[in-house]
Structure formats: structure tokens, C-alpha cells
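For the sequence shown, position 327 (counting from the first letter as 1) is numbered 336 according to this note's numbering, and the numbering increases by one without interruption.
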Amino acid sequence: NLPSPSPPVLASDWRSLRARNHEHAVNGRVSGSGYSWLGHFEWPPSTTSCMKGEPLSSELEPTVETPMVGKSVITLDDLSINQIRELLHKAQYIDSHRKEVAHTCEGRVLATLFYEPSTRTRLSFETAMLRLGGKVIGFAGAQLASVTKGETIADTLKTVSNYVDVVAIRHPKEGAALVASRAASVPVINAGDGGHMHPTQTLADLATLQSRFGRVTNLTVGLCGDLTFGRTVHSLIETLCRFGNVNFVLISPDELKTPRYVLDRIDATPSCSYTEVKDLVSVIGDLDVLYMTRVQKERFFNEDDYLRLRDTYILDEAKMTKAKPDMAVLHPLPRVNEIAVEVDDDPRAAYFEQVKNGMLMRMALESSVVGDELPGYEPLEAKEVQA
Ligand code: CP
Numbered sequence: 010n011l012p013s014p015s016p017p018v019l020a021s022d023w024r025s026l027r028a029r030n031h032e033h034a035v036n037g038r039v040s041g042s043g044y045s046w047l048g049h050f051e052w053p054p055s056t057t058s059c060m061k062g063e064p065l066s067s068e069l070e071p072t073v074e075t076p077m078v079g080k081s082v083i084t085l086d087d088l089s090i091n092q093i094r095e096l097l098h099k100a101q102y103i104d105s106h107r108k109e110v111a112h113t114c115e116g117r118v119l120a121t122l123f124y125e126p127s128t129r130t131r132l133s134f135e136t137a138m139l140r141l142g143g144k145v146i147g148f149a150g151a152q153l154a155s156v157t158k159g160e161t162i163a164d165t166l167k168t169v170s171n172y173v174d175v176v177a178i179r180h181p182k183e184g185a186a187l188v189a190s191r192a193a194s195v196p197v198i199n200a201g202d203g204g205h206m207h208p209t210q211t212l213a214d215l216a217t218l219q220s221r222f223g224r225v226t227n228l229t230v231g232l233c234g235d236l237t238f239g240r241t242v243h244s245l246i247e248t249l250c251r252f253g254n255v256n257f258v259l260i261s262p263d264e265l266k267t268p269r270y271v272l273d274r275i276d277a278t279p280s281c282s283y284t285e286v287k288d289l290v291s292v293i294g295d296l297d298v299l300y301m302t303r304v305q306k307e308r309f310f311n312e313d314d315y316l317r318l319r320d321t322y323i324l325d326e327a328k329m330t331k332a333k334p335d336m337a338v339l340h341p342l343p344r345v346n347e348i349a350v351e352v353d354d355d356p357r358a359a360y361f362e363q364v365k366n367g368m369l370m371r372m373a374l375e376s377s378v379v380g381d382e383l384p385g386y387e388p389l390e391a392k393e394v395q396a
């Protein structure tokens, strides 16, 4: 009963490819999973940032960079590589200057509109604003919000824009964050839209790779588990392709393979490559990074399919003995059982570092999109020019 992957399309037909994948997800799994009370939103949006013909590789990076202030972030394609590097640099600065930055966003308010469960993303968005001196409003679970009375996302965002300076939104439908950003008059940050993207998780992942390896390129990155609807996987692959020089090893059962539109992104990046395999043990020794994911129960039509697939991969210490001594194990969390708890004590386990990095990167992003300077911070660009 699992939906089949989108039919192959030419990489040059990027817009229809992406749109088709979204439509497939929206009309397929997600809309069949009991979210009808969530209200409607225009789909597909008339023009979208995720369909605007984004760069397929670093060679195609846009030459004109729009400022961070006031910017909505729906996918990381909304940020240039330089802006992502600047955020990584800011997050490092914030970590070592906690007191200095504690009043950066005084007077600002963040809204967290979470139509889907979350622990890390919502709490870290909120903690980030609180640690910068701002305040937070919002809801966790839409049952008490006016969407239950039939309010659209657009109307909710037009309303909330009057109250706050920045919005973080999570929604089970692909494209919902984009619709929200088009209705809002303040920056909107996608905190996860269905099986599509999770850009701020990718910022956390990049920060973790940077701290473990001192780089985010020249790596062999294994991604393992539900590669079909693991939105963190899609965001991470697309972004690493922009940095370039990554060899992806995509480890999944046939039913949970990487969507074609993501593979096309790799194909369109000359310095990147991928292989698709089913067996984790046979490839673990080749990896610099193993990015584990949980099977996304909430996106399945029926429980039998989920039960059949959920235990496909379980990383334990026995498997870790076959891995490189400096391989980093990442996981966006929450985990179910795909990483045995015994692995937590292995120095290669980096998933709780990712959690910390997620908060720091959200501090960097929130202060940037509302336009508040971090006291004492020297931009990366200025430093490089001086050097
Ligand atoms: N990584 C992540 O998105 O976790 P939550 O679902 O708890 O926010």
C-alpha cells in the first residue's frame, strides 16, 4: 500500500518534478492520515520558492544574494552558501559569548505555530529567542487553535504577523510553510513541512559536521532508514550538494528509497555521487558519517506496513566495531529503536551534540532574520577580507 516513488523525470524539468513529488505526497500519504481538520491552503502555490528553479549545484549559485533581514526560510535554497557559512560562524560565536548576546533580541517576539508534534525543534526555537532576550508565543498542537474552526493557514499568518517579529511553523502538509510565508508580513521559518524539508535541522547537522570534521565537504555520508519521507534527509542532501564533494551512500529498503527529485539533485552536481544499498553492515566501514533516521510512522497509510519496516536497521555496538574510529553517528531525533542506547556512550555518537547545535543555529538564524546584530560579532566576510 505504499505509494510508488515519483516517475523518473529529466533533471532539467526540475519545477514539475518537485511539484509532482509534493502533489504525490499531499494527495497520497499525508492527506490520508487523518489531518482533515487542519483546514485548507492553496496548493500548489502560484509561485513558490521551492519551485522557483533553485540552484542544482554550487556552480549554479545565484550571483545576487538577498539580505538575511526579513527573509523567510522554507528550504535552505533560500539562503546562499555564504549566508549558511555566516550562520555557522555566528553560532560558534554565540556559543562562546552567551552573556554578550543575551539581550540581542530584547523587545522581539517569536511565534511557534506547531500543527504537528515536536520536542527539539519547538523548544529550541523558543529557547533560542529567550536566550537572546526576546519573548515567545504560540501553540504546540493545533487542537486549541482556530484551525479547528476552519481557519486557513493564510488567515492565521495574516493574524499572527500583527503580533510577532518572526514565525516558526511546523505542519504535516508539504508546502504549508511556503503558503504561510506568502501570507505573512514577517519572516517565516519552516520547522518541518510533511515529508518535504526541515531546513533548520540541516543547519544543526552542518554545524555538527563542521565541529566533528572541520568541514562539510570531502565526506562519505551514509543516510540510513526512511529516505522517502525523512524530510531531514532531503534537506541535508540538497544542501550538501551545494557545498559539493560529497559521496552519498543511501541505505534503505526498496519501499523507503530516496525520492527521484533528490537523486536528481545529486546527479546534477558533478562533484557529488551516490550509491543505493539495502545492507548497512556491508558499507558502514566506508562511511565518515552515518545519518540514521527513524521510519516515519505518522506518514504511513496503515500500521502493518510500518511494523514490517520499522526494525529494518538497528545500529548497535556490534555494528559500530566495523565502522571507522572517527565516523560520526548523526540522527535528527526522536529515535525509536534504530540506534541502541548502548551507542550513546560511544564517542562517535554525535546526536546530542546536534541538539545543542540546533539551538545555537536557531539563535543565529532568528537574530539574523529580525535584523538584530550580535554585540561584538565580527562577520565572517569582514574577517576573511582583513585576513
Ligand atoms: N529533529 C526534530 O525535528 O525533532 P522534533 O520532532 O522533536 O522537533
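All residues carry an ideal CB built from backbone N, CA and C; glycine is no exception.
(1) Give me the residue from Ile83, Gln92 and Ser81 with the minimum Cα distance to Val73.
(2) Rounded to whole angstroms, what's the CA-CA distance from Gly116 to Val78? Just pull it up for me.
(3) With Met368 and Ser133 assumed to form a contact (beta carbons below 8 Å), what rounded beta-carbon distance in angstroms separates them?
(4) Just reading off the beta strand (DSSP E) that Ala337 is part of, what are its end residues?
(5) Could you check if Arg371 belongs to the surroundings of the ligand CP, using beta carbon to heavy atom distance under 7 Å?
(6) Can you list the beta strand (DSSP E) stretches of 3 or more residues lying completely in the stretch 164-221, in chain order?
(7) Taking the alpha helix (DSSP H) that Ser367 falls in, what are its first and last residues?
(8) To the nearest angstrom, how far is the alpha carbon of Val378 from that of Leu212?
(9) Please name the residue in Arg131, Lys158, Glu160 and Ile162 whose C-alpha comes closest to that of Gly147.
(10) Put Thr157 into one of helix, strand or coil per three-state DSSP.
(11) In terms of alpha-carbon separation, which member of Val188, Gly142, His207 and Cys114 lies closest to Ile246?
(12) Under the criterion of a Cβ to heavy atom distance below 7 Å, does Pro208 qualify as lining the ligand CP?
(13) Exposed or buried, which one is His112 when buried takes at least 16 other CB atoms within 10 Å?
(14) With 16 as the cutoff for other CB atoms within 10 Å, does Ala327 come out buried or exposed?
(15) Taking the straight line between their C-alpha atoms, what separation do you get for Val173 and Thr84?
(16) Could you have a look at Glu382 and say whether DSSP puts it in helix, strand or coil?
(17) Could you have a look at Phe238 and say whether DSSP puts it in helix, strand or coil?
(18) Am I right that Glu237 and Leu265 are in contact with their C-beta atoms under 8 Å? What's the rounded C-beta distance?
(19) Rounded to whole angstroms, what is the Cα-Cα separation between Pro16 and Arg371?
(20) Closer than 7 Å: is that where the CB of Arg131 sits relative to any heavy atom of the ligand CP?
(21) CA-CA distance, Thr321 and Asn366?
(22) Shorter than 7 Å, the distance from the beta carbon of Ser244 to the closest heavy atom of the ligand CP, or not?
(23) Classify Leu318 as helix, strand or coil using the three-state DSSP reduction.
If we stick to the structure as given:
(1) Answer by Cα proximity: Gln92.
(2) 16 Å
(3) About 4 Å separates the two Cβ atoms, so the contact holds.
(4) Ala337 to Leu339
(5) With a cutoff of 7 Å, Arg371 does not count as near the ligand CP, since its C-beta is closer than that to no heavy atom of the ligand.
(6) 175-180 and 197-202
(7) Per the sequence presented here, residue 367 reads as Gly, with Ser not at that position. Boundaries of the alpha helix (DSSP H) around Gly367: Tyr360 to Val379.
(8) 15 Å
(9) Ranking Arg131, Lys158, Glu160 and Ile162 by Cα distance to Gly147 puts Arg131 first.
(10) helix
(11) Of the candidates Val188, Gly142, His207 and Cys114, the residue whose Cα lies closest to the Cα of Ile246 is His207.
(12) no
(13) exposed
(14) exposed
(15) 22 Å
(16) coil
(17) coil
(18) Correcting the residue type first, residue 237 is Thr in the shown sequence and not Glu. Yes, they are in contact, since the Cβ atoms of Thr237 and Leu265 sit about 5 Å apart, within 8 Å.
(19) Unreliable placement is indicated for Pro16, whose pLDDT of 31 sits below 50; the coordinate value is still reported in the next sentence. About 36 Å.
(20) yes
(21) 29 Å
(22) Flag unset: Cβ of Ser244 not near the ligand CP.
(23) helix
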